[in-house]
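Residue numbers for the sequence shown follow UniProt numbering, so the first one is 1 and each next one is one higher. Take a look at the structure below.
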Amino acid sequence: MFRAISVLFIIAGLALLGYGGYEYFTSKYNEGQRLSEAKEFVSTDVREGNFDFDYSVFGEGDTIGVLYIPKLDREIPIVEGTDEKELAQGVGHYSGTGFPGENKQILLSGHRDTVFRNFGDLEDGDEFHIQMEHGTFVYAIRDSETVIVPANDTTVIDPSREDEVLTVSTCYPFSYIGDAPDRYILHSYPVTEKSNK
């Protein structure tokens with residue numbers, strides 16, 4: 001009897017590992033497809049300030065650009081929407097928040113164990129580059145505004161803001177197994193020629 005139970009546990013463990021591996025590799029494949037799609041239309045010309053672009057053309061599930069994190073040398077496709085389907089293919093843009101050049105809050109979210117691996121290594125001054133069809137927009141982290149909030153805390157989303165801020169969030173703690181109880185939030189602000197002088 002004990003041997004039969006042991007065998008069942010081993011089979012169940014192998015099945016879970018197999019499923020996890022399948023999910024991971026499917027996610028990596030989908031992310032690669034989205035990244036290839038985005039690289040066909042994004043521009044790496046750096047832009048600053050307000051920019052006239054019709055963002056209303058983006059619909060739920062569309063590939064809208066690339067998030068490049070220089071410190072991690074990581075390129076991640078940006079997908080419109082933050083449902084599980086979108087987050088399994090890249091970093092999700094929270095619908096209803098702003099876009100580069102609109103002087104609003106831009107909110108991007110991603111999974112800690114896929115697109116935002118090593119996210120905790122980022123610190124004050126590190127940059128995020130949002131590459132879109134009409135140019136690349138550069139944002140730098142302000143360490144003093146890194147926060148950890150409960151998963152159900154939506155106060156970090158502020159559509160009424162009238163200054164441009166890129167808010168990037170992921171689950172926390174980074175090494176947690178299962179649904180993490182918190183969110184790790186980084187705020188970054190546009191880098192301009194003035195701010196580099």
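Ideal placement from N, C-alpha and C gives every residue a C-beta, glycine not left out. Treat the numbers as computed from the prediction; the structure is a model and nothing was measured.
Counting along the chain, the unbroken alpha helix (DSSP H) around Glu86 starts and ends at Glu84 to Leu87.
Glu162 sits in coil when the DSSP states are folded into three classes, being neither helix nor strand. Thr170 is a Cβ neighbour of Phe119, given a cutoff of 8 angstroms.
As DSSP reads the structure, Thr167 sits in a beta bridge with Leu107 and His187. Phe137 has Ile130 as its beta-bridge partners, per DSSP. Annotation for Glu48: no beta strand (DSSP E) segment contains it, and DSSP assigns it neither H nor E. Beta-bridge annotation (DSSP): Glu80 is paired with His93.
By the Cβ neighbour-count rule, Lys85 is exposed, with fewer than 16 other Cβ atoms within 10 Å of its own. In the three-state scheme derived from DSSP, where H, G and I count as helix and E and B as strand, Ile10 is classed as helix. Contact check between the region 111–125 and the region 156–166: fewer than three CB pairs, one atom from each, fall below 8 angstroms, which does not count as touching. For Tyr176, the closest of His129, Arg112, Glu80 and Arg74 by C-alpha to C-alpha distance is Arg112. Taking Glu133 as the centre and dropping the five residues before and after it, the same chain places the C-beta of Phe41, Val42 and Ser43 closer than 7 angstroms to its C-beta, in chain order.
Gly92 sits close to Gly110, with the two beta carbons spaced by under 8 angstroms. Residues of the same chain with a CB within less than 8 angstroms of the CB of Gln33, apart from the 5 flanking positions on each side, are Gln89 in chain order. In the DSSP assignment, Thr63 falls within the beta strand (DSSP E) that extends over Thr63 to Ile69.
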